[in-house]
Amino acid sequence: MTEIRTPRLLLRRWREDDLAPMAEINADPQVMRFIGDGTPRDLEQTAESIQRWEDEWDDEGFGLFAVELLGSGELAGFTGLAVPYFLPEVLPAVEIGWRLGRQFWGQGYASEAAQAALDFAVTDRGLDRVISIAQIGNHASENVMRKLGMTPERETTHPLSGRPLRVHAIDLTEYRA
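Residue numbers (the numbering used here): 42 to 218.
Okay, here's the thing in structure tokens:
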């Protein structure tokens, strides 16, 4: 089981008791406003997502980590690596992403977790390049991308929702130096 500890967080694989808190995060319209078409997701959709994320761990050797607060054991959301199949024009690529519950915003958790996931991409998975995709207007996510050292690479449109996207990238061969 892959686990990463940061000063305040535990990044780990998913457990059954993560479903309800992750579903609560996915049901929040504010959290979901920049995800896909902005529609909140229910318990069943969240269960399907968690299964997909776990399958990606098995298939790719990486995936989305559940992010747990070390102090309280609360599930804050997720961060990690995924193949962005929804946007074929960027393939082959590995994307770093995150989603946290609103009560965890503005405390540096997303940056802390994403930095740990980026370190994992380099040291444990040997990736040379990682991208991150944000809907244009999602300034909080783009701030995290900048903190990670990522730079804007291109703008495009989500093929299903039609929403404008910005793709950021980082060359991890430079990151290693």
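All C-beta atoms, glycine included, are put in the ideal place defined by N, C-alpha and C.
Buried/exposed call for residue i, threshold 16 Cβ in 10 Å
{"i": "Ser-173", "result": "buried"}
{"i": "Glu-44", "result": "exposed"}
{"i": "Gly-203", "result": "exposed"}
{"i": "Arg-93", "result": "exposed"}
{"i": "Gly-102", "result": "exposed"}
{"i": "Leu-153", "result": "Sequence inspection shows Glu at residue 153; the Leu mentioned does not correspond to that position. Under this definition Glu-153 is a buried residue."}
Bounding residues of the alpha helix (DSSP H) (the contiguous stretch that carries residue i)
{"i": "Ala-61", "result": "60 to 67"}
{"i": "Gln-148", "result": "Counting along the chain, Gln-148 falls outside any alpha helix (DSSP H), and DSSP gives it neither H nor E."}
{"i": "Val-72", "result": "70 to 73"}
{"i": "Asn-184", "result": "180 to 188"}
{"i": "Ile-88", "result": "According to the sequence shown, residue 88 is Ala rather than Ile. Its alpha helix (DSSP H) spans residues 84 to 101."}
Which residues DSSP lists as bridging residue i, in chain order
{"i": "Trp-139", "result": "Thr-120"}
{"i": "Asp-212", "result": "Arg-170"}
{"i": "Ala-107", "result": "Arg-53, Phe-119"}
{"i": "Gln-176", "result": "Leu-206"}
Residue nearest to residue i in terms of C-alpha spacing, selected from the options
{"i": "Gly-142", "options": "His-199, Pro-129, Pro-70", "result": "Pro-70"}
{"i": "Ile-177", "options": "Leu-201, Arg-195, Ala-162", "result": "Arg-195"}
{"i": "Pro-193", "options": "Glu-85, Glu-183, Pro-205, Leu-201", "result": "Glu-183"}
{"i": "Asp-83", "options": "Trp-139, Ser-90, Ala-68", "result": "Ala-68"}
{"i": "Trp-146", "options": "Leu-201, Arg-46, Asp-59, Ile-66", "result": "Ile-66"}
{"i": "Asp-169", "options": "Ala-117, Val-135, Gly-77", "result": "Val-135"}
{"i": "Leu-52", "options": "Lys-188, Ala-151, Glu-109, Asp-160", "result": "Glu-109"}
Three-way DSSP call (helix, strand, coil) for residue i in this model
{"i": "Arg-49", "result": "coil"}
{"i": "Glu-196", "result": "strand"}
{"i": "Arg-204", "result": "coil"}
{"i": "Thr-164", "result": "helix"}
{"i": "Ala-155", "result": "helix"}
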